[in-house]
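There are 2 protein chains.
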Amino acid sequence: MIHAVVMAGGRGTRFWPLSRERRPKQVLPVVGGKTMIQETVERLSGVVPPERTYVVTGASHADEIRAQLPDIPAQNVIVEPAGRNTAPCVALASAIIKRLDPGGVMAVFPSDHVITNQDALYKAVDAVMAGIDGDRLALGVIGIKPHYPETGYGYIKTRARLGGPAMKAEEFLEKPDLATAERYVKSGNYYWNAGMFFWRADVILDEIGKSQPQTATAVIKLAEAFGTARFESLMAQTYPSLASISIDYAVMERAGAEGRIIAAVADPGWSDVGSWRSLYDLVPPDSEGNRARGKLIAVNSTGAFVHNDKRLVAVVGLDDVIVIETDDAILVCHKDHAQDVRQITEKLKERGLTGYL
Amino acid sequence: MIHAVVMAGGRGTRFWPLSRERRPKQVLPVVGGKTMIQETVERLSGVVPPERTYVVTGASHADEIRAQLPDIPAQNVIVEPAGRNTAPCVALASAIIKRLDPGGVMAVFPSDHVITNQDALYKAVDAVMAGIDGDRLALGVIGIKPHYPETGYGYIKTRARLGGPAMKAEEFLEKPDLATAERYVKSGNYYWNAGMFFWRADVILDEIGKSQPQTATAVIKLAEAFGTARFESLMAQTYPSLASISIDYAVMERAGAEGRIIAAVADPGWSDVGSWRSLYDLVPPDSEGNRARGKLIAVNSTGAFVHNDKRLVAVVGLDDVIVIETDDAILVCHKDHAQDVRQITEKLKERGLTGYL
Numbered sequence: 001m002i003h004a005v006v007m008a009g010g011r012g013t014r015f016w017p018l019s020r021e022r023r024p025k026q027v028l029p030v031v032g033g034k035t036m037i038q039e040t041v042e043r044l045s046g047v048v049p050p051e052r053t054y055v056v057t058g059a060s061h062a063d064e065i066r067a068q069l070p071d072i073p074a075q076n077v078i079v080e081p082a083g084r085n086t087a088p089c090v091a092l093a094s095a096i097i098k099r100l101d102p103g104g105v106m107a108v109f110p111s112d113h114v115i116t117n118q119d120a121l122y123k124a125v126d127a128v129m130a131g132i133d134g135d136r137l138a139l140g141v142i143g144i145k146p147h148y149p150e151t152g153y154g155y156i157k158t159r160a161r162l163g164g165p166a167m168k169a170e171e172f173l174e175k176p177d178l179a180t181a182e183r184y185v186k187s188g189n190y191y192w193n194a195g196m197f198f199w200r201a202d203v204i205l206d207e208i209g210k211s212q213p214q215t216a217t218a219v220i221k222l223a224e225a226f227g228t229a230r231f232e233s234l235m236a237q238t239y240p241s242l243a244s245i246s247i248d249y250a251v252m253e254r255a256g257a258e259g260r261i262i263a264a265v266a267d268p269g270w271s272d273v274g275s276w277r278s279l280y281d282l283v284p285p286d287s288e289g290n291r292a293r294g295k296l297i298a299v300n301s302t303g304a305f306v307h308n309d310k311r312l313v314a315v316v317g318l319d320d321v322i323v324i325e326t327d328d329a330i331l332v333c334h335k336d337h338a339q340d341v342r343q344i345t346e347k348l349k350e351r352g353l354t355g356y357l
Numbered sequence: 358m359i360h361a362v363v364m365a366g367g368r369g370t371r372f373w374p375l376s377r378e379r380r381p382k383q384v385l386p387v388v389g390g391k392t393m394i395q396e397t398v399e400r401l402s403g404v405v406p407p408e409r410t411y412v413v414t415g416a417s418h419a420d421e422i423r424a425q426l427p428d429i430p431a432q433n434v435i436v437e438p439a440g441r442n443t444a445p446c447v448a449l450a451s452a453i454i455k456r457l458d459p460g461g462v463m464a465v466f467p468s469d470h471v472i473t474n475q476d477a478l479y480k481a482v483d484a485v486m487a488g489i490d491g492d493r494l495a496l497g498v499i500g501i502k503p504h505y506p507e508t509g510y511g512y513i514k515t516r517a518r519l520g521g522p523a524m525k526a527e528e529f530l531e532k533p534d535l536a537t538a539e540r541y542v543k544s545g546n547y548y549w550n551a552g553m554f555f556w557r558a559d560v561i562l563d564e565i566g567k568s569q570p571q572t573a574t575a576v577i578k579l580a581e582a583f584g585t586a587r588f589e590s591l592m593a594q595t596y597p598s599l600a601s602i603s604i605d606y607a608v609m610e611r612a613g614a615e616g617r618i619i620a621a622v623a624d625p626g627w628s629d630v631g632s633w634r635s636l637y638d639l640v641p642p643d644s645e646g647n648r649a650r651g652k653l654i655a656v657n658s659t660g661a662f663v664h665n666d667k668r669l670v671a672v673v674g675l676d677d678v679i680v681i682e683t684d685d686a687i688l689v690c691h692k693d694h695a696q697d698v699r700q701i702t703e704k705l706k707e708r709g710l711t712g713y714l
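Here the protein sequences line up with chains R and X, keeping their order. No gaps in the numbering here: position 313 of the first sequence is 313 in this note's numbering, and each next residue is one more. No gaps in the numbering here: position 45 of the second sequence is 402 in this note's numbering, and each next residue is one more.
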């Protein structure tokens, strides 16, 4: 059976003022009327029923996530007492799924990415699942067709075509510099790493055990306690001491070299929504070239991106401006400076304005 | 005795979203904690007591103004059933003052201008009042030393010095084009017309009668009814039919040619606060070159002007931006486009968003 694991540990400081320490991007309606994690789980619901869907998140967001996802059993929202990057998170989920369904397959999704073409994603998922059916040791990923040389994403280098849209992946590559990214995009066999993974639970747990044996041992014990009163206290005792390491680094880089990774490539309108700028690119402009969620009046202005639920926004004599309004704060940002939004949280700390964090 | 007349009929569409049809600039705290009309009346209170201070305004703002100025007798807030420009307003006030104090002098002030150096203004008022004491037929004005070639103001051309800071004024000039304004400023004997007037009530009523005899006749009857139950209904019957004309055009242009105008010149930090840009120029910048009323975080940004009472504003990667927040709307404007804010109200009407007017 297929089980879905949604990783929901992100912080989203680049989405201030909408996202805050206690309300990260995944629990907010950044695009459309539902929150990003609701959109993610709804997208999965065609493939995996809620009782086989798991969410891994931090303690400060668990209650909110349980409230937002009422169809998912409360115990399936697994609380990390401390964030330890993706390898321990995947290991724990794989150990739990293996215990409940020894031959089970798991599909891992970030909770806060956007997909505008769901059907294109489904086709890629079908292809990668078929690949795992044909080779139980395979580790599956989705490679996203790159539209421009983004330096903020990791890349997957592909090799031989497997028949159908799946390919062998050869290398997992870190975020490149611009010249390298340009070379990747030009070559045609590099794809963006969307952070989605597909594998048998027993296989990935074995793989993690090869490089992180202590983690594997610990999560097997935790999985035995899953669903009992002991689970929470055992998590508190054990989990924070696990090595903080990404699944890319712990498993995927080596597995790529061993020829074990299959990548289904797709163009599903994906974005990691890493900044207001990337959201900007996702929203189609109106006839004046502006993009607004709520009411916008533009005078001698084009290229505006406005995220406003409550208040009318008027933009006068400014091009390419991003305006985000919340109950207690307003961001006004040039779209080419969207990465600098992170600096706001630093300045708020310096000034002691912690209520806005 | 001196009587003050505050003209409070303005609309202030260039101060959207702070000013609205029902809340024009003069009843709002645009600068500092008090509203502009409160600041104006407080500034006058050293010279004229509240019982001799009159405010002329429209019906939709009278209650608000009475509430904001509790020391001024309610009947001294005179309601125009319809705005008829400044000549009928001045005529009515002069007729009322003449009836109550036949030898009285009146000082006319706009309700929504800013003066940052009150003492400089007082000196000029003293000079102009001394001029009227010496020549009962004189019409007094304040000429503001121009700091740059503003094309949005009228100018007063001065001639011979009278001894002290008062001068004979020769011409009242309409808003010039830029080349003309530059010539005015360069010449050194042109001053901004601040819209402040000083004269004996009987003298100005006679002057208005010369060019607007029907207005003079009507306001004398209205003045007889002032303070009685008949006043409001008589105003409703009579006032809307008076010729709509400015006091500059009805009296001052001719009086200038006749050598009857004396101007006290001053540099009192005056602004008509005609747009957010002019307010911008009045607020001193912080160490990063930004000006904020409330909390501002600036990242890679300078020259911002932020009017925020409630919400924190963060500006990222933008220079010279004006951000104004209210409960229901946000304006984001480049400072060189502040005049275009007027266009917002037109667009709101086109789009049927009348709640924001």
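Beta carbons are placed, not taken as given, at the ideal position from N, Cα and C, and that holds for glycine.
Span of the beta strand (DSSP E) around residue i
i	result
R/Lys157	Tyr155 to Arg161
R/Met7	Ile2 to Ala8
X/Gly415	Thr410 to Gly415
X/Glu437	Val434 to Glu437
X/Gly500	Leu496 to Ile501
X/Ile701	No beta strand (DSSP E) holds X/Ile701; the alpha helix (DSSP H) holding it covers Arg699 to Glu707.
R/Leu312	Leu312 to Val316
Residue environment, residue i, which counts as buried when at least 16 other CB atoms sit within 10 Å
i	result
X/Glu408	exposed
R/Gln212	buried
R/Arg161	exposed
X/Lys716	Here chain X has residues from 358 to 714 only, and residue 716 of chain X is not among them.
R/Gly317	buried
X/Thr515	buried
R/Ala266	buried
R/Gln68	buried
X/Ala452	buried
X/Pro427	exposed
X/Ile711	Looking at the sequence provided, one finds Thr at residue 711 of chain X rather than Ile. Exposed: under 16 other Cβ atoms inside 10 Å.
X/Met358	exposed
Bridge partners - residue i, DSSP secondary structure assignment
i	result
R/Met167	R/Arg161 and R/Ala263
X/Glu719	The requested residue 719 of chain X does not occur in the structure, where chain X is confined to residues 358 to 714.
R/Pro176	R/Pro176 pairs with nothing; no bridge assigned.
R/Arg291	R/Phe305
X/Val465	X/Val362 and X/Phe554
X/Ile472	X/Trp627
Extent of the continuous alpha helix (DSSP H) run through residue i
i	result
X/Trp373	Neither: X/Trp373 is in no alpha helix (DSSP H) and is coded neither H nor E.
R/Val90	Thr86 to Leu100
X/Ala573	Pro570 to Ala582
R/Arg277	Trp276 to Tyr280
X/Ile394	Met393 to Leu401
Min CB distance residue i to chain X below 8 Å
i	result
R/Asn300	yes
R/Leu8	For the sequence presented, residue 8 of chain R should be read as Ala rather than Leu. Output row for R/Ala8: interface = no.
R/Lys210	no
R/Lys347	yes
R/His61	no
R/Glu21	no
Chain R within 8 Å of residue i, Cβ atoms only
i	result
X/Leu710	yes
X/Gly674	yes
X/Tyr713	yes
X/His691	yes
X/Asp666	no
X/Ala575	no
X/Lys652	yes
X/Leu688	yes
X/Asp697	yes
Residue-chain proximity (residue i, chain C), Cβ-Cβ < 8 Å
i	result
R/Ala314	Absent from the structure is chain C; the protein chains it does hold are R and X.
| task | Flag this pair as touching only if the segment 318–334 of chain R and the segment 682–695 of chain X have three or more C-beta atom pairs under 8 Å; answer yes or no. | result | Yes: at least three Cβ pairs fall under 8 Å.
| query | Is it a yes or a no for the segment 505–519 of chain X touching the segment 536–543 of chain X, going by three-plus beta-carbon pairs under 8 Å? | reply | Yes, since at least three Cβ pairs between the segment 505–519 of chain X and the segment 536–543 of chain X fall closer than 8 Å, the two stretches touch.
| query | Do the segment 127–143 of chain R and the segment 35–42 of chain R touch if we need at least three Cβ pairs shorter than 8 Å? | reply | Short answer: they don't touch.
| field | Three-pair Cβ contact test at 8 Å for the segment 99–108 of chain R versus the segment 191–203 of chain R | value | In this structure the segment 99–108 of chain R touches the segment 191–203 of chain R; the number of beta carbon pairs closer than 8 Å is three or more.
| query | Is the number of C-beta pairs between the segment 239–253 of chain R and the segment 81–91 of chain R that are closer than 8 Å three or more? | reply | Yes, since at least three Cβ pairs between the segment 239–253 of chain R and the segment 81–91 of chain R fall closer than 8 Å, the two stretches touch.
| query | Are the segment 397–417 of chain X and the segment 541–550 of chain X in contact at 8 Å, needing three or more beta carbon pairs? | reply | Flag = no, the segment 397–417 of chain X and the segment 541–550 of chain X do not touch.
| query | Touching or not, the segment 579–593 of chain X and the segment 651–658 of chain X, by the rule of three or more beta carbon pairs under 8 Å? | reply | With the rule of 3 Cβ pairs closer than 8 Å, the segment 579–593 of chain X does not count as touching the segment 651–658 of chain X.
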